[in-house]
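Participant: To start, I am sharing the structure in question, which I have written as structure tokens.
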Ligand code: SF4
């Protein structure tokens, strides 16, 4: 049995087989991998691409990950925090445009205490009862996760970044723990969240065997969402001179993930467009089925936004949405603004 058929049938390969599949030069096998990913995606989601309203509510972060422009050591970052009113304004515009999932994404910013977050989450949930809330705000305590869940959060997205502990230690300061991160993900899932994780592709010091560890961890966690994307060097970090991850490798991993997790909500990462003008579409054609759409562009963060720029911001987003829809239509897909919850029963994983 070839490796693509084997993966689609068993939904897992050995570490060596994963590496062989990721490194193969066999054009037929590569083509088969992408065709199979598309087919499984179509069987489970038809031609629908879920779109999520992304609200980047803070870029303050107390952490210092070596690869990230938001790291606390970066004194050049232009920091901001959205007020509760600004966040609600983003939701209002998003809801008007049809969005039914809001993703509250930020650095690890403890300005947003548990009580502040719970107030924001519960206000959004009581105002937009048919919407889901995804949190992507890094590691917190178990009691914080529980408070956010009880306040109405539905999903929690937290990339593990790499499942290899040596690699993890080369991307982060020594006090950060991969085990703690993995344990958080397991706990979040146990609490009832739809959990998402993921990793960077092409990050410094990464070896192909590390991808096998990532895939094995993801298989074990069995997340509702997966978010992977190429490493893009940030000029204000210690990795500024490192090479970016590759489009081809990211797409191959997306296709492998689709074969492993037929029903998972897999993101076509926005930064694929940094590597290719049609990067987002390539992600979709490799088996991804969701896209993040920014409801908090830079000018929304200005203090005067609430008073005089709402109509202009909404118009700009409508235009961006039309453009995105046209991009998806050009490859045979259409945007879908439903909540798009994770449904566990797979319709099919067969190639
Ligand atoms: S915790 Fe997240 S936002 Fe903060 S530095 Fe690390 S990667 Fe960046």
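Residue numbers (this note's numbering): 674 to 1024.
We put the beta carbon where it would ideally sit given N, CA and C, even for glycine.
1) Verify the contact flag: residue 729, CB atom, against every heavy atom of the ligand SF4, threshold strictly below 7 Å.
2) In this structure, how does DSSP classify residue 952 when only helix, strand and coil are distinguished?
3) Taking DSSP as the reference, what is the three-state secondary structure of residue 721?
4) Taking 7 Å as the cut-off, is the C-beta of residue 781 nearer than that to any heavy atom in the ligand SF4?
5) Give me whichever residues DSSP pairs with residue 1025 in a beta bridge.
6) Tell me whether residue 685 sits in a helix, a strand or coil according to DSSP, three-state version.
7) Could you check how far apart the C-beta atoms of residue 741 and residue 947 are, in whole angstroms? I think they sit under 8 Å.
8) Have a look at residue 716 and residue 836 and give me their C-alpha separation to the nearest angstrom.
9) Taking all protein chains shown into account, decide if residue 923 is buried (16 or more other Cβ within 10 angstroms of its Cβ) or exposed.
10) In whole angstroms, what is the alpha-carbon distance linking residue 982 and residue 729?
11) Starting from residue 866, trace the beta strand (DSSP E) in both directions and tell me its first and last residue.
12) Just checking, does the segment 812–819 make contact with the segment 839–847 on the three C-beta pairs under 8 Å criterion?
13) Which partner residues of residue 807 appear in the DSSP bridge assignment?
14) Going by the beta-carbon positions, is the gap between residue 901 and residue 871 smaller than 8 Å?
15) Within 10 angstroms of the Cβ of residue 707, are there 16 or more other Cβ atoms? Answer buried if so, exposed if not.
16) Excluding the five sequence neighbours on either side, which residues of its own chain have a C-beta within less than 7 Å of the C-beta of residue 744, listed in chain order?
17) So is the beta-carbon of residue 737 under 7 Å away from any non-hydrogen atom of the ligand SF4?
18) What would DSSP say about residue 677, mapped onto helix, strand or coil?
19) Would you list, in sequence order, the uninterrupted alpha helix (DSSP H) runs of no fewer than 4 residues that lie entirely inside the segment 863–935?
20) Straight-line CA distance for residue 644 to residue 810?
21) Closer than 7 Å: is that where the CB of residue 871 sits relative to any heavy atom of the ligand SF4?
22) Could you give the distance in angstroms between the alpha-carbon of residue 687 and the alpha-carbon of residue 693?
23) Mind checking whether the beta-carbon of residue 743 lies closer than 7 Å to any heavy atom of the ligand SF4?
24) I'd like to confirm something about residue 902: is its beta-carbon nearer than 7 Å to some heavy atom of the ligand SF4, or not?
25) Is residue 731 helix, strand or coil by DSSP?
26) According to DSSP, is residue 784 part of a helix, a strand, or is it coil?
27) Quick one: what's got a C-beta closer than 7 Å to residue 787's C-beta in the same chain, skipping five residues either side?
28) Along the chain, where does the alpha helix (DSSP H) that runs through residue 966 open and close?
29) Between the segment 769–778 and the segment 936–953, can you find at least three pairs of beta-carbon atoms closer than 8 Å?
30) Excluding the 5 residues flanking residue 889 on each side, which residues of the same chain have their C-beta closer than 6 Å to its C-beta?
31) I'd like the span of the alpha helix (DSSP H) that includes residue 814, first residue to last.
32) Pick helix, strand or coil for residue 994, following the three-state DSSP scheme.
33) Please classify residue 771: is it buried, with 16 or more other beta-carbons within 10 angstroms of its beta-carbon, or exposed?
34) Under the rule that 16 or more other beta-carbon atoms within 10 Å means buried, what is residue 701, buried or exposed?
Facilitator: This is what the structure holds:
1) Position 56 of the chain shown, counted from the first residue, corresponds to residue 729. Flag unset: Cβ of residue 729 not near the ligand SF4.
2) On the chain shown, residue 952 is found 279 positions in, with the first residue counted as 1. Assignment of residue 952 by DSSP, reduced to helix, strand and coil, places it in the helix class.
3) The sequence position of residue 721 within the chain shown is 48, counting from 1. Residue 721: strand per DSSP, three-state reduction.
4) Residue numbering aside, residue 781 sits at position 108 when the chain shown is read from its first letter. In this structure, residue 781 has its CB closer than 7 Å to one or more heavy atoms of the ligand SF4.
5) Beyond the ends of the chain as shown, which are 674 and 1024, falls residue 1025; an answer cannot be given.
6) For the purposes of this step, residue 685 is identified with residue 12 of the chain shown, where counting begins at 1. Correct three-state label for residue 685: coil.
7) What you label residue 741 is simply residue 68 of the chain shown in a count that begins at 1. What you label residue 947 is simply residue 274 of the chain shown in a count that begins at 1. With a Cβ gap of about 15 Å, residue 741 and residue 947 do not count as contacting.
8) As a working mapping, residue 716 is identified with position 43 in the chain shown. As a working mapping, residue 836 is identified with position 163 in the chain shown. C-alpha separation (whole angstroms): 30 Å.
9) The sequence position of residue 923 within the chain shown is 250, counting from 1. Residue 923 is buried by the Cβ-count criterion.
10) As a first step, residue 982 must be located in the chain shown, where it is residue number 309. As a first step, residue 729 must be located in the chain shown, where it is residue number 56. Each residue's alpha carbon lies about 18 Å from the other.
11) Position 193 of the chain shown, counted from the first residue, corresponds to residue 866. Counted as a single uninterrupted DSSP element, the stretch harbouring residue 866 is not any beta strand (DSSP E), since DSSP gives it neither H nor E.
12) Segments in contact, no.
13) Numbered from its first residue, the chain shown carries residue 807 at position 134. Beta bridge pairing from DSSP links residue 807 with 776 and 828.
14) Here residue 901 refers to the residue found at position 228 when the chain shown is read from its first residue. Here residue 871 refers to the residue found at position 198 when the chain shown is read from its first residue. Contact annotation: residue 901 and residue 871 have beta-carbon atoms nearer than 8 Å.
15) Residue mapping note: residue 707 aligns to position 34 of the chain shown, counting from 1. So residue 707 counts as buried.
16) Here residue 744 corresponds to residue number 71 of the chain shown, with the count starting at 1. 734, 736, 737, 738 and 910.
17) Taking the chain shown and counting its residues from 1, the one referred to as residue 737 is at position 64. Correct: residue 737 has its Cβ closer than 7 Å to the ligand SF4.
18) The residue labelled residue 677 in the question sits at position 4 within the chain shown. Correct three-state label for residue 677: helix.
19) Counting only unbroken stretches of 4 or more residues, the alpha helix (DSSP H) elements lying wholly within the segment 863–935 are 881–894 and 920–933, in sequence order.
20) Given a span of 674 to 1024 for the chain in the structure shown, any question on residue 644 remains unanswerable.
21) As a first step, residue 871 is located in the chain shown; it is residue number 198 there, counting from the start. No - the ligand SF4 has no heavy atom lying nearer than 7 Å to the Cβ of residue 871.
22) Translated into the one-based positions of the chain shown, residue 687 becomes position 14. Translated into the one-based positions of the chain shown, residue 693 becomes position 20. Those two C-alpha atoms are separated by around 10 Å.
23) Translated into positions along the chain shown, residue 743 becomes position 70. True, at least one ligand heavy atom lies under 7 Å from that Cβ.
24) Here residue 902 is taken as the residue at index 229 of the chain shown, counted from 1. Flag unset: Cβ of residue 902 not near the ligand SF4.
25) As a position in the chain shown, residue 731 is number 58, starting the count at 1. In the structure shown, residue 731 sits in a strand (DSSP, three-state: E or B).
26) Here the question's residue 784 lines up with position 111 in the chain shown. Coil at residue 784, not helix or strand.
27) Looking up residue 787 in the chain shown gives position 114. Taken in chain order, the residues that qualify are 817 and 820.
28) Looking up residue 966 in the chain shown gives position 293. Counting along the chain, residue 966 sits inside no alpha helix (DSSP H); it lies in the beta strand (DSSP E) bounded by residues 963–967.
29) The segment 936–953 is not in contact with the segment 769–778.
30) Here residue 889 corresponds to residue number 216 of the chain shown, with the count starting at 1. Nothing meets the Cβ criterion.
31) As a working mapping, residue 814 is identified with position 141 in the chain shown. Counting along the chain, residue 814 sits inside no alpha helix (DSSP H), nor does DSSP assign it H or E at all.
32) Translated into the one-based positions of the chain shown, residue 994 becomes position 321. In the three-state DSSP reduction, residue 994 falls in the helix class (H, G or I).
33) Mapped onto the chain shown, residue 771 falls at position 98. With fewer than 16 other Cβ atoms within 10 Å, it is exposed.
34) Start at 1 with the first residue of the chain shown, and residue 701 comes out as number 28. It is exposed - the Cβ of residue 701 has fewer than 16 other Cβ atoms within 10 Å.
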